[in-house]
Structure formats: C-alpha cells, structure tokens
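Asks: Structure provided below as structure tokens; questions to follow.
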Amino acid sequence: MRLSARIAAAATALVLAGPAVTACAPATSGAGATADAKTGTLRVWLFQEVDNAPKEKVVQQAVSAFTASHKGVKVTVDYIPVETRAPRIKAAFNDPASAPDVIEYGNTDTAGYVKDGGLADVSREFTAWQDAKDTDPAAKESVTVDGKIYGAPLFVGVRALYYRTDVFRDLGIAVPTTQAELVAAAKRIRAARPELYGLAVGGAYTYGALPFIWAAGGELAAKKDGTYTAAIDSARARQGIAAYTGLFGDDNCPAAKCARMGGNDTVTAFASGKAAMAIGGDFNHQAVEAGAVRGKYAVVPLPGLGKGEIAPAFAGGNNIGVLKSTTHRTLAVDLMKELAGKKTQRGLFDAMGFLPTYGDVRAEAAARKPYAAPFVKTLEAGAKFVPATPGWGTIDASLVLPTMFQEIVSGRKDVGAAAGAAARKMDEAFRK
Amino acid sequence: MSTARTGSRRAGGWTPWLYLAPALIVLGGLLVYPLYQLGLISFLEYTQAQVSGGEPTSFQGLANYAALFGDGQFWQVLLATVLFAAACVLGTLAVGCALALLLTRIRALPRLALMLAGLGAWATPAVTGSTVWMFLFDPDLGPVNKVLVRLGLTGFQDYSWTYGRYSAFALVLLEVVWCSFPFVMVTVYAGIRAVPGEVLEAAELDGASQWRVWRSVLAPMLRPILVVVTIQSVIWDFKVFTQIYVMTGGGGIAGQNLVLNVYAYQKAFASSQYSLGSAIGVVMLLILLAVTLGYLRLLRRQGEEL
Amino acid sequence: MSGVRATADRAGTRRAPGRFLPRRPWRLAAEAGALLIAAAVAFPLYWMVLSAFKPAGEVQSTRPLPWTLDPSLDAFRRVFQQQDFGRYFLNSLFVAGVVVVVSALIAFLAATAVTRFRFRFRTTLLVMFLVAQMVPVEALTIPLFFLLRDVGTAVPGIGLNTLGALILPHLAFSLPFAIWMLRGFVRAVPAAVEEAAAIDGASRARFLWQILFPLVFPGLVATSVFSFISTWNDFLFAKSFIISATENSTLPMALLVFFKPDENDWGGIMAASTVMTIPVLVFFVLVQRRLVSGLGGAVKD
Numbered sequence: 087m088r089l090s091a092r093i094a095a096a097a098t099a100l101v102l103a104g105p106a107v108t109a110c111a112p113a114t115s116g117a118g119a120t121a122d123a124k125t126g127t128l129r130v131w132l133f134q135e136v137d138n139a140p141k142e143k144v145v146q147q148a149v150s151a152f153t154a155s156h157k158g159v160k161v162t163v164d165y166i167p168v169e170t171r172a173p174r175i176k177a178a179f180n181d182p183a184s185a186p187d188v189i190e191y192g193n194t195d196t197a198g199y200v201k202d203g204g205l206a207d208v209s210r211e212f213t214a215w216q217d218a219k220d221t222d223p224a225a226k227e228s229v230t231v232d233g234k235i236y237g238a239p240l241f242v243g244v245r246a247l248y249y250r251t252d253v254f255r256d257l258g259i260a261v262p263t264t265q266a267e268l269v270a271a272a273k274r275i276r277a278a279r280p281e282l283y284g285l286a287v288g289g290a291y292t293y294g295a296l297p298f299i300w301a302a303g304g305e306l307a308a309k310k311d312g313t314y315t316a317a318i319d320s321a322r323a324r325q326g327i328a329a330y331t332g333l334f335g336d337d338n339c340p341a342a343k344c345a346r347m348g349g350n351d352t353v354t355a356f357a358s359g360k361a362a363m364a365i366g367g368d369f370n371h372q373a374v375e376a377g378a379v380r381g382k383y384a385v386v387p388l389p390g391l392g393k394g395e396i397a398p399a400f401a402g403g404n405n406i407g408v409l410k411s412t413t414h415r416t417l418a419v420d421l422m423k424e425l426a427g428k429k430t431q432r433g434l435f436d437a438m439g440f441l442p443t444y445g446d447v448r449a450e451a452a453a454r455k456p457y458a459a460p461f462v463k464t465l466e467a468g469a470k471f472v473p474a475t476p477g478w479g480t481i482d483a484s485l486v487l488p489t490m491f492q493e494i495v496s497g498r499k500d501v502g503a504a505a506g507a508a509a510r511k512m513d514e515a516f517r518k
Numbered sequence: 510m511s512t513a514r515t516g517s518r519r520a521g522g523w524t525p526w527l528y529l530a531p532a533l534i535v536l537g538g539l540l541v542y543p544l545y546q547l548g549l550i551s552f553l554e555y556t557q558a559q560v561s562g563g564e565p566t567s568f569q570g571l572a573n574y575a576a577l578f579g580d581g582q583f584w585q586v587l588l589a590t591v592l593f594a595a596a597c598v599l600g601t602l603a604v605g606c607a608l609a610l611l612l613t614r615i616r617a618l619p620r621l622a623l624m625l626a627g628l629g630a631w632a633t634p635a636v637t638g639s640t641v642w643m644f645l646f647d648p649d650l651g652p653v654n655k656v657l658v659r660l661g662l663t664g665f666q667d668y669s670w671t672y673g674r675y676s677a678f679a680l681v682l683l684e685v686v687w688c689s690f691p692f693v694m695v696t697v698y699a700g701i702r703a704v705p706g707e708v709l710e711a712a713e714l715d716g717a718s719q720w721r722v723w724r725s726v727l728a729p730m731l732r733p734i735l736v737v738v739t740i741q742s743v744i745w746d747f748k749v750f751t752q753i754y755v756m757t758g759g760g761g762i763a764g765q766n767l768v769l770n771v772y773a774y775q776k777a778f779a780s781s782q783y784s785l786g787s788a789i790g791v792v793m794l795l796i797l798l799a800v801t802l803g804y805l806r807l808l809r810r811q812g813e814e815l
Numbered sequence: 264m265s266g267v268r269a270t271a272d273r274a275g276t277r278r279a280p281g282r283f284l285p286r287r288p289w290r291l292a293a294e295a296g297a298l299l300i301a302a303a304v305a306f307p308l309y310w311m312v313l314s315a316f317k318p319a320g321e322v323q324s325t326r327p328l329p330w331t332l333d334p335s336l337d338a339f340r341r342v343f344q345q346q347d348f349g350r351y352f353l354n355s356l357f358v359a360g361v362v363v364v365v366s367a368l369i370a371f372l373a374a375t376a377v378t379r380f381r382f383r384f385r386t387t388l389l390v391m392f393l394v395a396q397m398v399p400v401e402a403l404t405i406p407l408f409f410l411l412r413d414v415g416t417a418v419p420g421i422g423l424n425t426l427g428a429l430i431l432p433h434l435a436f437s438l439p440f441a442i443w444m445l446r447g448f449v450r451a452v453p454a455a456v457e458e459a460a461a462i463d464g465a466s467r468a469r470f471l472w473q474i475l476f477p478l479v480f481p482g483l484v485a486t487s488v489f490s491f492i493s494t495w496n497d498f499l500f501a502k503s504f505i506i507s508a509t510e511n512s513t514l515p516m517a518l519l520v521f522f523k524p525d526e527n528d529w530g531g532i533m534a535a536s537t538v539m540t541i542p543v544l545v546f547f548v549l550v551q552r553r554l555v556s557g558l559g560g561a562v563k564d
C-alpha cells in the first residue's frame with residue numbers, strides 16, 4: 087500500500103506540475119487504503135491522562151481480550167498528550183506511514199476529521215453492533231456527520247451546577263429549580279457576601295453559556311438541505327445570550343474579572359472558595375475535591391426556564407474512530423468495538439470516572455458512585471451537541487462565540503449587534 | 510574603525526564558499542526551500558482537504574492576499590503589533606542597558622545574584638513564564654494585587670489587569686521584557702567590560718554624568734553589539750506569540766490584544782487554512798524585512814558597515 | 264585599541280571588574296538596588312518552584328502565600344512517574360547537544376568566510392542570514408513537515424518520527440543567529456595574527472583550526488547558549504514532527520501532558536517546568552564566565 091500511495095502522490099505531483107505556477111507544488115497525500123489484512127500489528131493512539139495508570143490497566147484488559155480472540159494480531163497502544171492532538175492527528179492524515187489504525191478523538195473534532203478525509207465510515211458495522219443499541223442519542227450524534235457514522239462514543243462529559251451547601255444554608259437560600267431562581271440566588275449571595283461571586287461565569291466559557299441558549303429554545307445553527315445556517319441571532323437565542331451575559335456585573339460576577347474567564351477559571355474560582363456556584367463538569371470533580379471547598383458543596387443539574395426543567399447540557403466527550411488509511415479495516419473496527427464496548431466503558435468509569443455512553447451502563451454507574459448522579463440526570467434529560475460540520479472547528483478555533491459574549495459583557499456591542507456579527511462569521515465558516 | 514578592518518579581508522577565490530558550504534546546504538534545504546513553498550502555498554487554495562489529497566489544489570492568484578487586506582481587523586491588528594513590538598524593543602533595550610551599566614558598578618556577589626536571576630528568567634520556557642505571570646497578577650488569586658493594596662494603593666483591590674486593552678498589553682509587555690532583557694543585559698555588560706578602562710576613567714575624571722558617559726563614550730563604542738541586540742529584539746518581539754496567547758486567553762477580551770502571529774494562528778492554522786496562514790506569514794516576513802533593511806541602511810549612512 | 268592588545272587581553276588575565284567602582288555610599292546603594300532587582304526578577308521563578316511544591320488545593324487559592332507549610336512532592340511524582348520520562352530527558356539532551364556542537368562548527372566556518380574574505384554576494388548573504396530569522400516558525404512547519412516526510416523515505420534517520428527530524432530544523436533555525444553573533448568574534452581577531460601565521464608558513468586549515476578556533480572559542484560558547492535554550496525549550500517541532508514514535512519524544516511532551524482543556528494540572532505544569540529549567544540553569548552557571556568574556560569579544564576590534 088505504501089508503494090501505491092507513493093505512486094498516487096507522484097501522479098498527483100505530475101498533474102500539478104502541468105501549470106507553470108505550480109512547477110514545484112506543495113505536497114499532498116494519497117487517498118485511503120484498499121487492503122484489509124487479517125493479521126499483523128494494529129496501532130492505537132489514546133489520550134494520555136494526567137494520572138494515566140488506571141486507564142492503561144483497563145485498556146490493557148480490553149486489548150488482551152481482543153488479541154485472545156484474534157490470532158496473529160498484535161496491538162500497540164501509544165498515549166499522546168491531549169495538547170498535542172491537533173498537529174499529531176493531522177500529521178497522521180498527511181503521512182499514512184506514521185498513522186495509527188485506531189484513534190481516540192475529542193467529539194467536537196469529528197466533523198473536521200471527516201472533512202479532512204481521515205476517518206473511516208463505519209455506519210454498517212456500528213448499526214449491526216449489539217452494544218450500540220443502548221448508545222445515548224447525543225453521543226451518537228457526536229459521531230455522526232451527514233447521516234454517516236465515523237466511530238463509537240467512548241465517554242461523555244457534561245456540566246452541571248456546583249453550589250456551596252454552607253453558603254446556601256447560612257443565607258437560607260433554597261437550591262434553585264428554575265433559571266430565575268438561579269439568577270436571584272446568585273445576586274442575593276453576592277449582595278450578602280461581596281467577597282464571593284454568586285455564580286462564576288466566564289466570557290470565554292462557551293460550554294457554560296450554551297445551556298442558557300438552549301434552555302431559551304435557541305440554537306447555534308439550523309440545518310436545511312444539508313447545509314447549516316447560523317441561528318445564534320434568532321430571537322430565542324438572543325434571549326438566552328441576554329440571560330447569560332446578564333450574569334456579568336458587579337451584582338454577580340464583575341465583567342472586569344469574569345469577561346476573560348474560561349471554564350477552567352470558573353471551576354478554579356469555585357474550588358478555591360471564591361464563588362458560591364459554578365457550572366462544572368463531571369471531569370472537574372477531582373479538582374474541586376482537592377480544593378478548599380471539599381465537603382462543603384453539592385451538585386445538581388443546571389435548572390432550565392420552567393420549574394423542574396433541566397437546561398440542556400453540551401454533550402462533550404471522546405470517541406474511538408478508525409482511520410481511513412488503515413490496512414486492517416476489519417480488525418480495526420473490531421478493536422474499536424472492544425475499546426468502546428460496554429465492558430471497557432464500565433471499567434473506565436470505575437478507574438477514571440469517565441461517564442459511559444450507554445444508558446444502562448450509566449444508570450448502573452450512578453448507582454455505584456453517587457457523585458455521578460446529577461450528571462447522569464442531566465444527560466438523561468437530553469444533552470445537545472454542536473453543529474456536526476467542519477465549519478464548527480473553524481468557529482471554535484477563531485473564538486467566534488467568546489468574542490460575542492465578551493463584546494456584550496464589556497459593553498462594546500448590544501446583544502443584537504454582537505449576535506448578528508457572530509452569525510455572519512459563523513455563516514462564512516459554514517460556507518467553506 | 511571600520512576602514513582598518515576592511516584591509517584584513519582578502520579575496521579568497523573559492524575558499525569562502527568552501528567555508529560557507531555546510532551552512533548554505535543546511536539553510537538552503539531546510540529554510541529556503543520551505544520558504545519557497547510557503548510563498549507558493551500563499552497563492553493556492555490549500556486547506557487540510559488539499560493536504561490529505563481529498564481535493565485538488567487550485568491556483569488562487571492574489572485572492573488570499575485580497576481577503577487579508579480586505580479585512581478591517583487585519584489593519585487594526587497590524588497597527589497594534591507594530592506599536593506593541595516597538596514598546597517591547599524599547600523596554601527591553603532600556604532595561605537591559607541600564608542593568609548592564611549597574612552590573613559594572615557593583616561587586617562580585619550582587620553581580621552574580623542579578624546575573625543568575627536574569628539567566629533564570631531567560632531559561633524559563635515561555636509557556637511557563639506566561640502562566641506564572643498570570644498567577645501573580647490574577648485579580649482574585651494573585652499576590653501582586655494583594656501587595657499593592659497593602660501598600661496603600663487601594664485602587665488595585667480586585668483590579669483586573671487583562672480587562673482593559675492597555676493594561677493587558679502592559680502586563681504582557683512586562684513579561685516579555687522580563688524574559689528578554691537578560692539577553693541584552695549580558696551582551697551589553699560583556700561589551701562594556703571589553704571597553705578599555707582608560708577611556709571610561711578619563712570620561713569620569715572629566716566629571717561627565719552617567720548619561721553623558723553612556724551617550725558619548727559607551728554607546729558609540731558598543732555600537733556593533735547594540736546593532737545586533739536591536740535587530741534581534743525587533744525580530745523576536747514582532748513575532749511574540751506564546752505570551753499573548755497564554756496571558757490574554759488567545760487575544761484578549763473580544764480580540765482586543767491580538768497581534769499578527771496570534772491572529773495568523775487563529776485565522777489559519779487552528780482551522781487548517783494553510784494558504785491564508787502562509788499569506789500572513791509572508792506579509793510578516795516582508796514587514797520585518799523592510800524594518801531591518803531600513804535600519805541597516807540608516808547605519809550604513811552613518812558609516813557602519815555590515 | 265589596536266587589535267594585538269585586544270587579543271592579548273582576551274587570551275590573558277582580565278582586568279579586575281571592580282576597577283572603576285564608584286565611591287562607597289553610591290556603591291552600596293547600587294548594590295542594594297541590584298539585589299532588589301535580582302529578587303524581583305527571580306520572584307516569578309520562585310513562584311514557579313513554590314507552586315510545584317504546594318499541595319494540590321493550595322496552588323491557586325484565595326489566600327496566596329509566598330511559602331507553604333505543607334510542601335509536597337506529589338507534583339514531581341506525577342512528572343517523574345510518566346512513562347519514559349528518563350528517555351525524554353536523554354532525547355532532549357541529545358538533540359540539544361548535537362544542535363549546539365554542529366551549529367557552532369558550521370557557524371564558525373560561515374562566520375569566518377563572511378568576515379575574513381571579500382567576495383561577491385557577501386552582503387546579500389548576510390542579509391539572507393537575517394531574513395532567515397524573520398520567518399514565522401509556525402508557518403514554516405507545514406512545508407517542513409512534507410519535506411521531512413519525503414526525505415525520510417529516501418534517507419533513514421532524518422525523516423519524521425526520528426530525532427533527526429528535530430535536530431535538522433533546529434540546526435537550520437539556530438544557524439543564522441549563530442553566524443550573526445559569531446561575526447563579531449571572528450572580526451575581533453586582528454589581521455596581524457593571520458599575517459603572522461602566514462609568515463610562519465601555517466596552512467589555511469591550520470590557521471583556521473589551531474589559531475582562529477581557540478581564539479574564537481569563548482564566542483562559540485556564548486552563541487551556543489542561544490541554540491541550547493531555543494532547542495531545549497521547543498514545543499512546536501517536538502509536537503509536529505514526532506508523530507507515532509513516542510520513544511523519540513522530548514521533554515516538552517512530559518510538560519504538555521498536564522495541559523488539558525478545562526482541567527489543567529497547575530502543580531504538574533510547574534513541577535515539569537522546574538525540572539525543565541534546572542538543566543538550562545546548570546548549563547548557564549557552567550558557561551557564565553565564558554559567556555561574559557566571550558560576548559565581550561564581539562565589541563573589540
């Protein structure tokens with residue numbers, strides 16, 4: 087296959103050499119592979135966690151199970167730092183010789199990787215797979231682009247409301263059940279305890295803001311005839327944006343400090359005892375436990391507009407995918423199923439706290455570890471996903487939404503103008 | 510000084526090229542050729558889809574440049590970059606030269622302390638340096654504001670350095686000066702040490718002020734070194750990336766602290782629009798080239814040769 | 264300032280640095296000022312080391328203390344327990360070492376050529392060496408990636424995923440600056456030395472390696488500091504060109520592990536940074552003397 091790729095590349099180069107301007111054209115890579123070997127070595131890239139040993143153990147079990155049932159197959163697993171994923175995975179697409187067969191990837195990257203021509207379409211195998219019947223709809227959406235499936239969800243991450251039980255008790259505030267109560271509670275706490283933020287919010291905290299937009303019935307974008315159009319400037323979305331940006335101010339979270347904060351900063355503020363509430367993920371649980379507020383906080387789903395409603399959370403998380411360039415497609419898909427299967431997900435939850443993507447496995451997990459319950463509840467209520475299009479990657483990387491929130495919060499633009507500008511930039515990205 | 514030196518230079522036939530050969534091979538292969546490709550890419554449509562062979566490349570002429578120059582934000586960022594880089598260069602040179610003078614006037618122990626502190630700042634990875642500075646100046650969790658408030662500057666209670674455009678730039682400026690002044694300090698100090706003592710003693714006996722000694726004795730003698738540190742500072746500070754990216758969260762509130770390199774990264778590399786990124790790279794290169802050549806020409810007019 | 268004196272001076276003992284110290288009260292004030300400045304400059308470094316030793320919840324807290332009563336080695340443990348940490352360290356050392364030595368040698372030859380000879384395109388070349396430093400490195404990684412990929416298939420050992428893929432680009436990026444810096448040192452060696460050598464019948468090669476090289480050596484040490492730091496602290500090439508062969512990763516990879524969207528491990532970041540900074544500081548302390556005497560050579564003529 088390497089030879090055929092080389093020939094393909096050479097042919098491409100020859101074609102490009104035609105016009106004088108591209109006399110020495112920049113390189114491109116060949117297209118996908120055709121071989122499907124049934125033995126050999128499979129290479130896997132997984133993300134390296136700060137405390138990676140428990141993850142390695144669970145993965146090792148899955149790999150042993152896989153090699154036991156597939157004779158003549160070896161599996162090598164490499165752990166790569168998350169921070170380096172973008173150049174590495176792109177490099178893998180560009181240099182099939184260095185490319186692995188199976189990768190773990192962040193679910194917001196799905197559409198971009200598909201557009202780059204890197205991920206293999208596994209719709210047929212996924213649909214036929216027994217485990218996949220229980221896959222959460224939001225998680226399934228995160229591996230789907232244009233109706234085709236490009237991997238199996240490995241775990242989900244959602245955010246919920248962390249709050250200080252001691253502060254709420256001292257001030258006699260009930261746990262908020264609606265967004266209005268949430269805002270009122272935040273302001274009351276700030277007034278009574280000016281050293282605290284009521285609800286820590288961040289101008290660069292997109293995933294903390296999205297639930298407000300979704301709760302108001304707004305959407306990031308609408309899909310029509312296979313193309314996306316920005317909907318961030320619709321009346322409902324604007325109402326959500328106004329609700330979120332209304333939380334910036336001296337009566338809750340002063341714009342001067344909160345406008346630049348991202349998710350990490352708001353969680354840090356909460357963990358260090360600087361905020362009475364924050365929107366944090368299940369993955370932040372450990373950091374908060376290590377902070378000053380240990381034993382003085384609890385977590386509930388982020389309330390929506392009406393009583394008892396839960397604001398739709400963003401369904402973050404990672405997937406396992408098969409690379410298009412693999413020369414062991416069948417084996418690679420089997421390994422994907424093993425790594426993202428129910429058994430491995432159960433193990434990963436116990437070892438790492440990663441929330442399973444299967445409804446039944448998750449319910450069982452929440453029963454075992456109570457801290458997971460509010461996050462599971464949030465997921466059950468229906469989490470949402472960002473538009474599954476490569477344009478989203480551009481929008482995310484060029485900070486369109488943080489810029490919008492920051493423009494409003496710092497008083498540079500009103501909600502309508504900022505949302506309009508963001509919608510224009512989003513449309514431009516969707517068109518590309 | 511320079512005329513005497515020229516006499517030592519010989520026309521050596523092929524010898525200089527022989528000596529240059531290894532450098533030229535390495536630079537030709539690993540800098541000039543990629544640079545040529547960079548220029549080429551800036552005229553093409555070249556995104557990840559083209560790179561991985563999904564779509565054919567197509568010649569776009571000046572379209573990438575037109576898109577760039579047609580964007581109002583580009584000009585704003587360009588202006589901010591030039592002003593910010595100029596401030597960084599001036600700050601670095603001023604601090605570096607002043608501390609180099611100070612080094613010549615103190616005994617070995619305090620000199621070693623200052624030197625080591627400077628070298629430590631120089632050796633710190635940029636990512637870490639920026640992160641630590643953010644910690645120090647954090648409005649809630651940083652010690653700097655607490656100390657300022659305790660000193661009676663109550664205005665700094667809860668003061669956010671990164672909210673205002675200018676205070677954010679000022680903070681990044683401080684960090685850039687912190688990590689780049691040691692280069693200037695050590696180099697200029699070494700230069701002063703090499704100046705014959707009699708020259709300085711004579712000037713001091715004349716009762717000339719510190720500033721006069723620097724202006725009319727040291728600076729002219731140190732000129733070759735000052736030229737090098739100035740050019741290097743211009744080149745480095747114009748390309749500041751990590752500090753802005755880390756300290757202002759990718760370009761500040763609503764992009765107010767963007768500089769060209771970060772802008773290019775956001776516009777292009779983060780979303781794989783390599784052609785646009787290459788175009789910005791080419792523009793940056795041309796600007797730097799113009800500045801440096803202008804500076805060299807100025808020097809040459811003053812009788813300095815390369 | 265005739266050249267002969269200058270060289271003799273550089274080769275022999277140096278003047279006592281305290282020779283024009285100002286009078287006592289002023290000197291004490293200057294020294295106090297210098298110590299204060301040193302403390303201020305070192306403070307961020309101190310904070311970095313301190314944060315590395317603080318227990319998890321204390322790294323970022325509402326009451327930042329300039330000390331910790333409960334120092335913990337947990338963060339360092341997380342750094343050192345990483346798979347292959349020792350290997351990364353050796354890789355970094357090897358890459359930086361090769362770049363330092365090879366770039367010093369190549370730059371020495373090139374600097375000699377542009378300062379001691381007259382030939383066509385000399386000025387053009389000098390300007391080219393400057394231009395080479397102006398290229399935004401981020402932009403150049405894309406063409407470099409393809410170059411290394413293609414070259415790697417023809418010549419093993421320098422393609423993607425090898426340490427050669429780190430050494431070569433770093434060499435290319437540190438050379439122009441090294442040549443520019445070295446120019447001054449080579450120029451400072453007076454023509455008389457060369458003429459005397461010629462009269463003694465020394466060959467050109469002998470002059471180059473046995474006379475010029477030792478005289479310029481302090482300058483080489485000074486410039487090597489730059490290539491060492493830039494190679495040692497590089498993240499970009501390390502994460503762009505080492506793709507599948509994790510055994511060829513360098514130290515920055517051990518630091519990047521602690522950066523994660525929404526859950527950075529600050530203690531780990533600070534501990535890894537401390538571990539990364541120490542070798543550079545050691546290198547500095549070792550060459551400090553030579554660095555100063557070396558850089559000084561660039562002024563003389």
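In the order they appear, the protein sequences are chains X, D and L. Counting in the working numbering, the first sequence runs without a single skipped number right up to 518 at its last residue. Counting in the working numbering, the second sequence runs without a single skipped number right up to 815 at its last residue. Counting in the working numbering, the third sequence runs without a single skipped number right up to 564 at its last residue. Positions of the beta carbon are idealized from the N, C-alpha and C atoms, including for glycine. Keep in mind the model is a prediction, meaning the values are calculated, not measured.
(1) Using only alpha-carbon positions, find the residue among L612/D, V738/D, L577/D that is nearest to R620/D.
(2) Excluding the 5 residues flanking F438/L on each side, which residues of the same chain have their C-beta closer than 7 angstroms to its C-beta?
(3) What span of residues does the beta strand (DSSP E) with P167/X cover, start to end?
(4) Let me check understanding here. Comparing Cα to Cα, which of A458/X, G348/X, A178/X lies closest to A384/X?
(5) In the stretch 543-555 of chain L, which residues sit with their C-beta less than 9 angstroms from some C-beta in chain D, listed in chain order?
(6) Check this for me: beta carbons of V408/X and A206/X, under 9 angstroms apart or not?
(7) How many whole angstroms separate the CB atoms of V136/X and V163/X, which I take to be in contact at a CB cut-off of 8 angstroms?
(8) Using DSSP with H/G/I as helix, E/B as strand and the rest coil, what is D500/X?
(9) What is the C-beta distance between L645/D and V658/D, in whole angstroms, given that I count them as a contact (C-beta under 8 angstroms)?
(10) Within the same chain, show all residues whose beta-carbon is closer than 7 angstroms to that of L808/D, passing over the 5 residues directly before and after it, in chain order.
(11) Suppose only complete runs of 3+ residues qualify. What are the beta strand (DSSP E) ranges in the stretch 152-226 of chain X, listed by chain order?
(12) P525/D by DSSP, collapsed to three states: which one?
(13) Please decide whether I462/L counts as near chain D, where near means a Cβ-Cβ distance under 9 angstroms.
(14) Could you have a look at G126/X and say whether DSSP puts it in helix, strand or coil?
(15) So R373/X contacts chain L; which residues on that side make the cut at Cβ distance below 7 angstroms?
(16) I need the straight-line Cα distance from A293/L to R614/D, nearest angstrom please.
(17) Residues of chain D with CB closer than 7 angstroms to the CB of E493/X, please, in chain order.
(18) Going along chain X, which residues have a C-beta under 8 angstroms from K776/D?
(19) Classify I406/X as helix, strand or coil using the three-state DSSP reduction.
(20) For N193/X and chain L, any beta-carbon pair shorter than 9 angstroms?
(21) Between the stretch 433-448 of chain L and chain D, which residues of the former have a C-beta closer than 8 angstroms to a C-beta of the latter?
(22) Near V107/X, what residues of its chain come up, given a Cβ to Cβ distance below 7 angstroms and the 5 sequence neighbours on each side ignored?
(23) Is there at least one non-hydrogen atom of the ligand MN closer than 8 angstroms to the beta-carbon of A315/L?
(24) Going by beta-carbon coordinates alone, are A519/X and V149/X separated by less than 9 angstroms?
(25) Is it the case that the Cβ atoms of I550/D and P399/L are separated by a distance below 9 angstroms?
(26) Would you kindly work out how many angstroms separate the C-alpha atoms of L610/D and M730/D, rounded to a whole number?
Replies: In this structure, then:
(1) Among L612/D, V738/D, L577/D, the Cα nearest to that of R620/D belongs to L612/D.
(2) The displayed chain sequence assigns Leu, not Phe, to residue 438/L. Answer for L438/L: S366, I369, A370, listed in chain order.
(3) 159-167
(4) A458/X
(5) V543, L544, F546, F547, V548, Q551, L554, V555
(6) yes
(7) Going by Cβ atoms, the distance from V136/X to V163/X rounds to 18 angstroms, so no, they are not a contact pair.
(8) coil
(9) The distance from the Cβ of L645/D to that of V658/D is about 14 angstroms, inconsistent with a contact at the 8 angstroms cut-off.
(10) V736
(11) 159-167, 188-192
(12) helix
(13) no
(14) strand
(15) Sequence inspection shows Ala at residue 373/X; the Arg mentioned does not correspond to that position. Within chain L, the residues near A373/X are E526.
(16) 7 angstroms
(17) Per Cβ cutoff of 7 angstroms: A763.
(18) S484
(19) strand
(20) Closer than 9 angstroms to the CB of N193/X there is not a single CB belonging to chain L.
(21) Residues passing the 8 angstroms Cβ filter: L434, A435, F436, L438, P439, F440, I442, W443, M444, G447.
(22) Note on V107/X: pLDDT 33, under 50, position unreliable in the model; the coordinate value appears next. There are no such residues.
(23) Ligands displayed in this structure: none; no statement on the ligand MN is therefore possible.
(24) Chain X is shown from 87 up to 518; residue 519/X falls before or after that span and cannot be answered.
(25) Not in contact: I550/D and P399/L (Cβ atoms no closer than 9 angstroms).
(26) If I take the Cα positions, the gap works out to 14 angstroms.
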